[in-house]
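Participant:
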Amino acid sequence: MRNPIGKKVVDIKPSGIRKFFDIVLETEGAISLGVGEPDFDTPWHIRDEGIYSLEKGRTFYTSNSGLKELRTEISNYIQRTQGVSYDPIKEVFVTVGGSEAIDLALRAMVDEGDEVLIPQPSYVSYEPCAILADAVPVIIELKEENQFRLTAQEVLDKVTDKTKILVLPFPNNPTGAIMEKEDLEAIAKVVIEKDLYVISDEIYGELTYSGKHVSIVSLPGMKERTILINGFSKAYAMTGWRLGYACGPQAIMEQMVKIHQFAIMCAPTTSQYAAVEALRNGDDDVLMMKEQYNHRRRFLLSEFERIGLPCFEPYGAFYVFPCIKKFGMTSDEFCTRLLKEEKLAVVPGTAFGDCGEGYIRVSYAYSLENLKAAMERLERFISKL
């Protein structure tokens with residue numbers, strides 16, 4: 028019998044995040060700081076809207092692009108937060124989470140052999156999605172001395188005649204790094220000069236702790252070159268609702284919707300009605316959760332300093348990325364021993380790219396009580412090294 032599995036898929040490594048998560052499930056008494064999932068429940072008024080939609084029998088397919096009502100609210104949200112106007116019918120598209128939007132954007136935009144610039148460390152999906160789309164991923168290694176921000180020179184150093192897309196993963200998972208307006212202006216200049224397109228993943232855009240998040244689409248000449256990706260999982264604690272969206276030029280949206288038509292049909296209807304409520308009346312919920320995350324962020328940074336674990340200060344998302352190089356172990360060895368000896372799970376930096384070696388990702392999307400218990404275990408582990 029011939030091999031039923033495609034080589035392209037076999038060659039893709041499984042997610043390094045899930046590897047440790049699966050081990051945690053089998054480890055009694057373990058504390059996990061490994062998964063980027065808010066510990067808050069979805070706010071009640073959002074859940075109520077989902078429940079009400081079921082009670083009203085709204086269990087039908089929506090249009091492939093999503094409820095018009097939701098797309099209008101997404102357009103209104105971007106207008107009020109970034110000052111950018113999108114046509115809700117032609118330029119906004121509802122997806123099954125931000126991850127689907129990443130996959131669709133790459134498949135719709137690249138031909139075989141096109142190069143996609145991917146800054147790393149970054150979210151685990153970009154590189155495999157580029158490979159599955161028959162593109163060539165080109166890695167840009169972000170540096171701690173630059174606060175893990177992407178510089179224009181780093182982009183220029185990697186651009187070739189085959190480069191088509193730059194992935195912009197900020198606020199960043201796993202580092203928590205952000206891009207200021209002046210950083211984005213320098214990047215935008217290179218993008219326009221080299222005739223590139225941008226996939227800007229802004230799923231953590233609401234979770235910034237130093238001023239207001241700035242999207243590259245708000246800069247002159249960039250709306251028509253950018254696919255803006257966002258969703259409801261992180262800011263509104265709606266991970267299981269599986270809802271995201273993409274905004275961009277009509278010509279690209281039409282092709283993304285075409286793929287979505289054949290693969291998915293539409294995003295979950297109940298989730299879409301709940302998301303309308305989130306965008307209309309969820310600002311206070313987001314602010315409350317952000318304040319809690321910020322409190323936890325400051326606690327972890329203080330604890331790392333106290334126990335002697337170097338860590339630059341992140342200003343976005345809900346992760347910290349401390350350096351463990353001084354212990355003379357690989358990130359995988361450090362995390363494996365920490366889980367085995369202290370039943371504390373964090374994620375090796377290499378799960379987010381080879382240049383994450385020497386770092387670990389710690390999520391603070393967990394209660395302060397859990398974080399305090401975790402820091403006791405981490406301190407005890409470090410004291411033995």
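So that you can map any letter, position 52 of the sequence shown is 79 in my numbering, and since no number is skipped, the others follow by simple counting.
Glycine included, each C-beta is placed from N, C-alpha and C at the ideal position.
Closest to residue 113 by CA distance: which of 301, 250, 267, 292 is it?
Facilitator: Here residue 113 is taken as the residue at index 86 of the sequence shown, counted from 1. When only C-alpha atoms are compared, the closest one is 250.
Participant: Check whether the Cβ of residue 246 lies closer than 8 Å to any heavy atom of the ligand FAD, and answer yes or no.
Facilitator: Although the ligand FAD was asked about, the structure shown includes no ligands whatsoever.
Participant: Taking only three categories from DSSP, how would you classify residue 186?
Facilitator: Position 159 of the sequence shown, counted from the start, is the residue given in the question as residue 186. Residue 186: coil per DSSP, three-state reduction.
Participant: Rounded C-beta distance between residue 100 and residue 307? I'm assuming under 8 Å.
Facilitator: Start at 1 with the first residue of the sequence shown, and residue 100 comes out as number 73. Start at 1 with the first residue of the sequence shown, and residue 307 comes out as number 280. Indeed they touch by this definition, with Cβ atoms about 6 Å apart.
Participant: Helix or strand or just coil, what does DSSP make of residue 79?
Facilitator: Working through the sequence shown from its first residue, we reach residue 79 at position 52. In the structure shown, residue 79 sits in a helix (DSSP, three-state: H, G or I).
Participant: Give me the Cα-Cα distance between residue 339 and residue 84, rounded to the nearest whole angstrom.
Facilitator: Taking the first residue of the sequence shown as 1, we reach residue 339 at position 312. Taking the first residue of the sequence shown as 1, we reach residue 84 at position 57. Whole-angstrom Cα-Cα distance: 50 Å.
Participant: Please tell me whether residue 298 has its Cβ less than 9 Å away from any Cβ of chain C.
Facilitator: Looking at the structure shown, chain C is missing, and only one protein chain is on hand.
Participant: What first and last residue would you give for the alpha helix (DSSP H) that runs through residue 333?
Facilitator: Residue mapping note: residue 333 aligns to position 306 of the sequence shown, counting from 1. Looking at the DSSP string, the run of the alpha helix (DSSP H) that includes residue 333 is 310-334.
Participant: Nearest by alpha-carbon distance to residue 345: which of 260, 90, 167 is it?
Facilitator: Start at 1 with the first residue of the sequence shown, and residue 345 comes out as number 318. The candidate whose alpha carbon is nearest that of residue 345 is 260.
Participant: Name the one or two DSSP bridge partners that residue 365 has.
Facilitator: Taking the sequence shown and counting its residues from 1, the one referred to as residue 365 is at position 338. According to DSSP, which records beta bridges pairwise, residue 365 is partnered with nothing at all.
Participant: Alpha carbon to alpha carbon, what distance is there between residue 410 and residue 130?
Facilitator: The residue labelled residue 130 in the question sits at position 103 within the sequence shown. The residue labelled residue 410 in the question sits at position 383 within the sequence shown. Inter-residue distance for residue 130 and residue 410 is about 43 Å (C-alpha atoms, whole angstroms).
Participant: Would you give the residue range spanned by the beta strand (DSSP E) that residue 381 belongs to?
Facilitator: On the sequence shown, residue 381 is found 354 positions in, with the first residue counted as 1. Looking at the DSSP string, residue 381 is not in any beta strand (DSSP E), and its letter there is neither H nor E.
Participant: Counting Cβ pairs closer than 8 Å, one from the stretch 117-129 and one from the stretch 150-167, do we hit at least three?
Facilitator: Yes: the two stretches touch, three or more of their Cβ pairs being nearer than 8 Å.
Participant: Using a Cβ-Cβ cut-off of 6 Å (strictly less than) and excluding sequence neighbours within five positions of residue 337, which residues of its own chain qualify?
Facilitator: Residue mapping note: residue 337 aligns to position 310 of the sequence shown, counting from 1. 350.
Participant: In angstroms, rounded to a whole number, what distance separates the CA positions of residue 70 and residue 239?
Facilitator: As a first step, residue 70 is located in the sequence shown; it is residue number 43 there, counting from the start. As a first step, residue 239 is located in the sequence shown; it is residue number 212 there, counting from the start. Distance between the alpha carbons of residue 70 and residue 239 is about 23 Å.
Participant: What number of angstroms, rounded off, separates the C-alpha of residue 317 from the C-alpha of residue 235?
Facilitator: Translated into positions along the sequence shown, residue 317 becomes position 290. Translated into positions along the sequence shown, residue 235 becomes position 208. Spanning the two alpha carbons is a distance of roughly 8 Å.
Participant: Do residue 270 and residue 294 have their C-beta atoms within less than 9 Å of each other?
Facilitator: For this step, residue 270 is matched to residue 243 along the sequence shown. For this step, residue 294 is matched to residue 267 along the sequence shown. Contact flag set, yes.
Participant: In whole angstroms, give me the CA-to-CA distance for residue 118 and residue 56.
Facilitator: Along the sequence shown, one-based indexing puts residue 118 at 91. Along the sequence shown, one-based indexing puts residue 56 at 29. C-alpha separation (whole angstroms): 48 Å.
Participant: May I have the straight-line CA-CA distance separating residue 48 from residue 92, to the nearest angstrom?
Facilitator: For the purposes of this step, residue 48 is taken as the residue at position 21 of the sequence shown. For the purposes of this step, residue 92 is taken as the residue at position 65 of the sequence shown. If I take the Cα positions, the gap works out to 33 Å.
Participant: Exposed or buried, residue 41, counting other C-beta atoms within 10 Å across all chains shown (16 or more means buried)?
Facilitator: The sequence position of residue 41 within the sequence shown is 14, counting from 1. So residue 41 ends up on the exposed side.
Participant: Cα separation between residue 225 and residue 28?
Facilitator: Numbered from 1 along the sequence shown, position 198 holds the residue referred to as residue 225. Numbered from 1 along the sequence shown, position 1 holds the residue referred to as residue 28. Their Cα atoms are separated by approximately 43 Å.
Participant: How long is the line joining the alpha carbons of residue 367 and residue 138, rounded to whole angstroms?
Facilitator: Counted from its first residue, the sequence shown places residue 367 at position 340. Counted from its first residue, the sequence shown places residue 138 at position 111. Taking the straight line from one Cα to the other gives about 45 Å.
Participant: Within 10 angstroms of its Cβ, does residue 59 collect 16 or more other Cβ (buried), or is it exposed?
Facilitator: For the purposes of this step, residue 59 is identified with residue 32 of the sequence shown, where counting begins at 1. Residue 59 is buried by the Cβ-count criterion.
Participant: Could you say which of 166, 201, 187 lies nearest to residue 64 if we only look at CA atoms?
Facilitator: Here residue 64 refers to the residue found at position 37 of the sequence shown. Residue 201 is the option with its Cα nearest to residue 64.
Participant: Would you list, in sequence order, the uninterrupted alpha helix (DSSP H) runs of no fewer than 4 residues that lie entirely inside the stretch 234-295?
Facilitator: 277-290
Participant: Hey, how far is the Cα of residue 392 from the Cα of residue 198?
Facilitator: Sequence index remark: in the sequence shown, residue 392 carries index 365 (1-based). Sequence index remark: in the sequence shown, residue 198 carries index 171 (1-based). Straight-line Cα distance between these residues: approximately 15 Å.
Participant: I need the straight-line Cα distance from residue 228 to residue 257, nearest angstrom please.
Facilitator: For the purposes of this step, residue 228 is taken as residue 201 along the sequence shown, with counting starting at 1. For the purposes of this step, residue 257 is taken as residue 230 along the sequence shown, with counting starting at 1. Rounded to whole angstroms, residue 228 to residue 257 spans 6 Å at the Cα level.
Participant: Among the residues of its own chain, which have a CB less than 8 Å from the CB of residue 354, if the five just before and after it don't count?
Facilitator: Here residue 354 is taken as the residue at index 327 of the sequence shown, counted from 1. Same-chain partners within the cutoff: 361, 409, 412.
Participant: Would you identify the three-state DSSP class for residue 177, choosing helix, strand or coil?
Facilitator: Indexing the sequence shown from 1 puts residue 177 at position 150. Note: residue 177 maps to coil in three-state DSSP.
Participant: Near residue 73, which residues of its chain fall below 6 Å by C-beta distance, leaving aside the five closest residues on each side in sequence?
Facilitator: Against the sequence shown, residue 73 aligns to sequence position 46. Result list for residue 73: 301, 304, 305, in chain order.
Participant: Look up residue 147 in the DSSP assignment and give the residues it is bridged to.
Facilitator: By 1-based counting over the sequence shown, the position of residue 147 is 120. Note: residue 147 sits in a beta bridge opposite 168.
Participant: Could you give the uninterrupted runs of the beta strand (DSSP E) lying entirely in the stretch 31-116, keeping only those of 3 residues or more?
Facilitator: Runs of the beta strand (DSSP E) inside the stretch 31-116: none found.
Participant: For residue 322 versus residue 405, is the C-beta distance shorter than 9 Å?
Facilitator: Reading the sequence shown from its first residue, position 295 is the one you call residue 322. Reading the sequence shown from its first residue, position 378 is the one you call residue 405. Going by C-beta atoms, residue 322 is not nearer than 9 Å to residue 405.
Participant: With DSSP collapsed to three states, give me the class of residue 121.
Facilitator: In the sequence shown, the residue the question calls residue 121 occupies position 94. Residue 121: strand per DSSP, three-state reduction.
Participant: For a quick check, are the C-beta atoms of residue 133 and residue 157 less than 9 Å apart?
Facilitator: As a first step, residue 133 is located in the sequence shown; it is residue number 106 there, counting from the start. As a first step, residue 157 is located in the sequence shown; it is residue number 130 there, counting from the start. Their beta carbons are under 9 Å apart, which means residue 133 touches residue 157 by this criterion.
Participant: Whose C-beta lies closer than 6 Å to the C-beta of residue 276 among residues of the same chain, with five residues either side of it excluded?
Facilitator: Your numbering for residue 276 matches position 249 in the sequence shown. Cβ within range, chain order: 251.
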